[in-house]
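Let me begin by presenting the structure, written as structure tokens, before commenting on it.
There are 2 protein chains.
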Amino acid sequence: MPDFHISEFEQRLDRAQRAMKAAQLDALMFTTEAEMRYFTGFRTLFWQSPTRPWFLLLPVAGAPIAIIPEIGATLMRSTWVDDIRTWSSPHPNDDGVSLLVEALEGRGSVGLMMGRESQLRMPLADYQAITNRVRSTEFVDATPLVQALRMVKSDAEIAYISTICGIASTAFDQANKLFFEGQALEQAFRAFKIALLEAGADDVPYLVGGAGPGGYGDVISPPGDKPLMAGDVLMLDIGATIAGYHCDFDRNFAFGHADDDAKQAYKTLYEATNAALAMARPGVKCNELYGCIAGELDGGVSNVGRYGHGLGLQLTEAPSLIGFDETVLEAGMVITLEPSMEVADGKIMVHEENILICDGPPKLLSKRAPDELPIL
Amino acid sequence: MPDFHISEFEQRLDRAQRAMKAAQLDALMFTTEAEMRYFTGFRTLFWQSPTRPWFLLLPVAGAPIAIIPEIGATLMRSTWVDDIRTWSSPHPNDDGVSLLVEALEGRGSVGLMMGRESQLRMPLADYQAITNRVRSTEFVDATPLVQALRMVKSDAEIAYISTICGIASTAFDQANKLFFEGQALEQAFRAFKIALLEAGADDVPYLVGGAGPGGYGDVISPPGDKPLMAGDVLMLDIGATIAGYHCDFDRNFAFGHADDDAKQAYKTLYEATNAALAMARPGVKCNELYGCIAGELDGGVSNVGRYGHGLGLQLTEAPSLIGFDETVLEAGMVITLEPSMEVADGKIMVHEENILICDGPPKLLSKRAPDELPIL
Chain R
1 MPDFHISEFE
11 QRLDRAQRAM
21 KAAQLDALMF
31 TTEAEMRYFT
41 GFRTLFWQSP
51 TRPWFLLLPV
61 AGAPIAIIPE
71 IGATLMRSTW
81 VDDIRTWSSP
91 HPNDDGVSLL
101 VEALEGRGSV
111 GLMMGRESQL
121 RMPLADYQAI
131 TNRVRSTEFV
141 DATPLVQALR
151 MVKSDAEIAY
161 ISTICGIAST
171 AFDQANKLFF
181 EGQALEQAFR
191 AFKIALLEAG
201 ADDVPYLVGG
211 AGPGGYGDVI
221 SPPGDKPLMA
231 GDVLMLDIGA
241 TIAGYHCDFD
251 RNFAFGHADD
261 DAKQAYKTLY
271 EATNAALAMA
281 RPGVKCNELY
291 GCIAGELDGG
301 VSNVGRYGHG
311 LGLQLTEAPS
321 LIGFDETVLE
331 AGMVITLEPS
341 MEVADGKIMV
351 HEENILICDG
361 PPKLLSKRAP
371 DELPIL
Chain Y
377 MPDFHISEFE
387 QRLDRAQRAM
397 KAAQLDALMF
407 TTEAEMRYFT
417 GFRTLFWQSP
427 TRPWFLLLPV
437 AGAPIAIIPE
447 IGATLMRSTW
457 VDDIRTWSSP
467 HPNDDGVSLL
477 VEALEGRGSV
487 GLMMGRESQL
497 RMPLADYQAI
507 TNRVRSTEFV
517 DATPLVQALR
527 MVKSDAEIAY
537 ISTICGIAST
547 AFDQANKLFF
557 EGQALEQAFR
567 AFKIALLEAG
577 ADDVPYLVGG
587 AGPGGYGDVI
597 SPPGDKPLMA
607 GDVLMLDIGA
617 TIAGYHCDFD
627 RNFAFGHADD
637 DAKQAYKTLY
647 EATNAALAMA
657 RPGVKCNELY
667 GCIAGELDGG
677 VSNVGRYGHG
687 LGLQLTEAPS
697 LIGFDETVLE
707 AGMVITLEPS
717 MEVADGKIMV
727 HEENILICDG
737 PPKLLSKRAP
747 DELPIL
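Going down the list, the sequences are from chains R and Y. Numbering follows this note's numbering, in which position 290 of the first sequence is assigned residue number 290; successive positions increment by one, without gaps. Numbering follows this note's numbering, in which position 278 of the second sequence is assigned residue number 654; successive positions increment by one, without gaps.
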């Protein structure tokens with residue numbers, strides 16, 4: 001069963017084609033999982049295999065063209081895409097290149113994601129071969145154009161994100177049962193993943209965190225076998241999915257007791273989130289929201305580099321809550337609020353909530369964290 | 377605790393530097409997760425966020441240089457890498473580019489993965505900016521060089537792969553308890569993921585499969601809510617991890633009864649695997665092993681495109697068991713044997729085992745599948 005009604009994809013294509021027209025592009029070309037899925041509905045974990053490249057061409061008028069390895073044909077035929085061109089991959093010397101060249105023929109200006117947060121998910125040598133073979137085509141950066149489309153979520157997308165945020169909130173509500181002193185951090189992670197699956201998550205692709213007395217050093221590490229101890233602050237940051245849509249928020253817990261610095265840092269981060277919630281409205285710029293949070297933290301800095309970001313098909317998406325991002329918030333955007341600060345030398349704390357920008361106050365998709373550091 | 381002793385990384389670097397010398401390269405430059413992890417031990421799920429680029433430079437002599445966002449500094453400092461250069465990322469206009477340019481200065485010939493199975497995990501525009509700024513550096517394709525290094529696993533790598541294959545085998549042994557008629561396929565997937573975590577897997581990044589009367593149409597689809605029915609053949613293909621090392625094998629089960637075509641196809645695939653096991657020895661080429669399997673399948677074709685591949689840090693790695701891959705098998709390589717065939721129009725069946733190439737017969741890392749299609 002497709003994740004969305006066909007009208008959802010028609011609307012996505014329509015918005016993309018309007019943007020292409022405005023930017024005088026003849027087509028958009030994609031090599032990456034998120035964009036292929038956004039425009040076609042083609043959802044598979046098989047992207048984890050780096051072996052085969054996958055291509056999608058969206059013409060400024062007309063239907064999408066999927067140029068993909070044969071192994072994906074059956075799944076692609078289950079989507080709304082009709083124009084599916086396949087080759088037997090891996091191929092000794094032409095892994096989709098000629099099919100792509102043929103499809104690009106006569107298209108003068110083709111948008112490709114080349115900018116911030118993008119990557120080229122195909123061999124660079126093949127990309128260079130293509131640019132050499134279709135000399136009448138100019139590839140131009142379409143990163144901001146595509147990000148602007150994906151940033152504003154449809155009701156159906158919001159429903160998925162809201163569902164997975166609810167599932168993760170339910171799992172966090174069981175913290176008292178799941179986490180305990182003496183438990184190795186990796187066992188805490190494992191228990192939480194199982195709780196998320198049991199609560200209805202399809203997958204738990206992302207779980208990171210840290211634990212330590214009064215704070216943690218790092219927010220991207222895998223867990224070790226060190227046992228949780230009284231006085232530790234445990235942070236778990238979860239990216240679980242449903243229908244391939246992510247939540248991305250964290251929770252902090254102390255074991256037995258917490259020192260005053262940790263309690264105070266928690267409070268500061270909680271209040272910073274409150275201030276952001278009070279300000280997050282359509283028309284406000286991302287860098288203004290960043291400034292609001294930064295002001296609450298009173299110069300406290302961490303190494304995270306920003307105070308929130310978009311999410312959806314990917315764990316993190318544009319925009320960023322950072323000083324240089326002038327994206328104007330719109331109703332339908334889903335973002336994280338993620339203040340972080342250094343508590344002591346080498347120790348940080350991070351809070352994170354997921355919210356939907358609405359006309360009026362934002363809607364919390366994650367269940368709001370407690371206003372004081374919970375003690376387990 | 378690091379995943380490997382420091383001597384493991386010293387050996388990996390030593391092998392890389394010998395290969396660089398032989399290829400007259402002054403350095404290797406990496407942008408991708410698997411290679412960063414292979415040479416530094418830097419393991420994090422944070423790569424799922426596309427926001428920040430990460431770079432590693434291995435000089436032909438001397439120590440590795442990690443050029444990474446500040447958010448990764450703490451974790452990178454826990455590895456054996458000492459030369460860590462960071463910047464605050466996301467950055468308004470210089471996301472690591474200047475640091476990378478500086479580190480490339482004076483290096484004439486730099487190997488970059490540009491070929492088969494590779495991708496450029498950084499903005500293409502930034503890559504183009506770098507090539508424009510370091511005009512005295514020539515970037516050359518180092519894909520085969522790097523793949524040749526990673527293909528042959530160390531004892532410590534083999535131990536991780538063997539462990540996760542054992543865990544997945546244990547989980548598959550519980551099939552009778554986990555899967556049942558009337559169960560929605562997505563519930564079967566969820567139950568299997570929980571069983572894998574309970575059996576000791578760190579993560580279950582990859583689980584795909586299919587179910588249908590007498591076979592399945594596709595081997596890369598996510599599960600739907602259709603209930604399993606008598607006569608269905610269920611296939612689950614699992615990529616679980618421990619310390620970031622994968623297993624990748626599948627199992628087939630029938631519910632209640634199986635038709636003769638499905639039983640016969642299972643037998644044919646089982647025998648094809650046996651033939652490959654009898655032939656897989658150091659000195660044999662991948663395309664010879666491919667030919668052996670193809671011969672057993674007697675012209676049966678599927679859309680998979682190859683009959684096996686390497687695995688380890690990634691779910692799939694070089695080499696490929698395919699007609700054009702002339703890689704010579706060596707002791708220490710870990711590969712899948714993955715014969716597949718069309719059972720009926722639009723229906724395929726796939727078998728998969730994970731093996732270690734040894735002097736003498738290969739070692740099965742996955743517990744050998746039963747010789748007849750198991751009926752649940």
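Where is the CB? At the ideal position from N, CA and C, for every residue including glycine.
Just confirm the distance between the C-beta atoms of residue i and residue j, as a whole number of angstroms; I'd bet it's less than 8 Å.
| i | j | result |
| --- | --- | --- |
| A276 of chain R | L337 of chain R | 5 Å |
| D371 of chain R | P282 of chain R | Contact doesn't hold; Cβ gap of about 27 Å is too wide. |
| E481 of chain Y | F625 of chain Y | At roughly 46 Å, the Cβ-Cβ gap does not stay under 8 Å, so E481 of chain Y and F625 of chain Y are not in contact. |
| F253 of chain R | A175 of chain R | 6 Å |
| F555 of chain Y | A547 of chain Y | At roughly 11 Å, the Cβ-Cβ gap does not stay under 8 Å, so F555 of chain Y and A547 of chain Y are not in contact. |
| L573 of chain Y | R251 of chain R | Contact doesn't hold; Cβ gap of about 20 Å is too wide. |
| G224 of chain R | M412 of chain Y | Contact flag wrong, Cβ pair sits at about 20 Å. |
| R121 of chain R | Q495 of chain Y | 5 Å |
| L476 of chain Y | L434 of chain Y | Contact flag wrong, Cβ pair sits at about 13 Å. |
| G346 of chain R | G166 of chain R | Not a contact, Cβ separation roughly 35 Å. |
| S366 of chain R | S49 of chain R | Not quite, the Cβ-Cβ distance comes to about 32 Å (not below 8 Å), so this is no contact. |
Give every residue of the same chain whose Cβ lies closer than 7 Å to the Cβ of residue i, excluding the five residues on either side of it in the sequence, and list them in chain order.
| i | result |
| --- | --- |
| T462 of chain Y | I444, P445, E446, A449 |
| Q17 of chain R | V60, A61 |
| L673 of chain Y | T644, A648, P715, M717 |
| M114 of chain R | D141, T143 |
| D82 of chain R | A63 |
| E186 of chain R | P223, G224, D225 |
Is the Cβ-Cβ distance between residue i and residue j less than 8 Å?
| i | j | result |
| --- | --- | --- |
| P440 of chain Y | L451 of chain Y | no |
| A395 of chain Y | L525 of chain Y | yes |
| Y414 of chain Y | I540 of chain Y | no |
| L364 of chain R | I355 of chain R | yes |
| A670 of chain Y | E493 of chain Y | no |
| E706 of chain Y | V528 of chain Y | yes |
| V710 of chain Y | G686 of chain Y | yes |
| F46 of chain R | V584 of chain Y | yes |
| A560 of chain Y | K602 of chain Y | yes |
| G484 of chain Y | D402 of chain Y | yes |
| M605 of chain Y | G586 of chain Y | no |
| G239 of chain R | L315 of chain R | yes |
| T420 of chain Y | I220 of chain R | yes |
| A442 of chain Y | T408 of chain Y | no |
| G231 of chain R | D259 of chain R | yes |
| R682 of chain Y | P90 of chain R | yes |
| C662 of chain Y | D701 of chain Y | yes |
| A369 of chain R | Y206 of chain R | no |
Report the partner residues of residue i according to the DSSP bridge assignment.
| i | result |
| --- | --- |
| C292 of chain R | Per DSSP, none; premise fails for C292 of chain R. |
| A403 of chain Y | Y:P435, Y:V486 |
| K723 of chain Y | Y:A720 |
| M611 of chain Y | Y:G586, Y:N628 |
Using a Cβ-Cβ cutoff of less than 8 Å, which residues in the same chain neighbour residue i once the five nearest sequence positions on both sides are dropped?
| i | result |
| --- | --- |
| A262 of chain R | G214, G215, V233, A254, V343, M349, L373 |
| G688 of chain Y | R526, K529, E533, I537, Y621, H622, V710 |
Residues in the same chain with beta-carbon distance under 6 Å from residue i, minus the five sequence neighbours each way, listed in chain order, please.
| i | result |
| --- | --- |
| V680 of chain Y | S716 |
| F139 of chain R | V110, L112 |
| F418 of chain Y | M412, M452, T455 |
| D155 of chain R | none |
| R509 of chain Y | V477 |
Does the distance between the C-beta of residue i and the nearest non-hydrogen atom of the ligand GDP fall short of 7 Å?
| i | result |
| --- | --- |
| V580 of chain Y | Only the bare structure without any ligand can be found here, which leaves the ligand GDP out of the picture. |
Residues of the region 495-516 of chain Y whose Cβ lies closer than 9 Å to any Cβ of chain R, in chain order: Q495, L496, R497, M498, P499, L500, A501, D502, Y503, Q504, F515
Given a limit of 7 Å on CB to CB distance, which residues of the region 34-49 of chain R reach chain Y? R43, T44, L45, F46, Q48, S49
Could you run through the region 681-701 of chain Y and flag, in chain order, every residue whose CB is less than 9 Å away from some CB of chain R? G681, R682, H685, Q690, L691, T692, E693, A694, S696, I698, G699, F700, D701
Where the region 451-467 of chain Y meets chain R: residues whose CB sits under 7 Å from a CB there: L451, S464, S465, P466
Could you name the residues of the region 465-490 of chain Y whose beta carbon sits closer than 9 Å to any beta carbon of chain R, in the order they occur along the chain? S465, P466, H467, P468, N469, D471, L488, M489, M490
Selection of the region 732-750 of chain Y by Cβ proximity to chain R, strictly under 7 Å: none
Chain-ordered residues of the region 661-672 of chain Y with a beta carbon less than 7 Å from chain R: none
Given a limit of 7 Å on CB to CB distance, which residues of the region 162-182 of chain R reach chain Y? none
Could you please tell me which residues of the region 588-601 of chain Y, in chain order, have their CB closer than 8 Å to any CB of chain R? G593, D594, V595, I596, S597, P598, G600, D601
Using a Cβ-Cβ cut-off of less than 8 Å, list which residues of the region 326-360 of chain R approach chain Y; keep chain order. G346
Got a sec: which bits of the region 603-618 of chain Y sit with their beta carbon under 8 Å from any beta carbon on chain R, in order along the chain? G615
Residues in the region 379-397 of chain Y with C-beta within 8 Å of chain R's C-beta atoms, listed in sequence order? none
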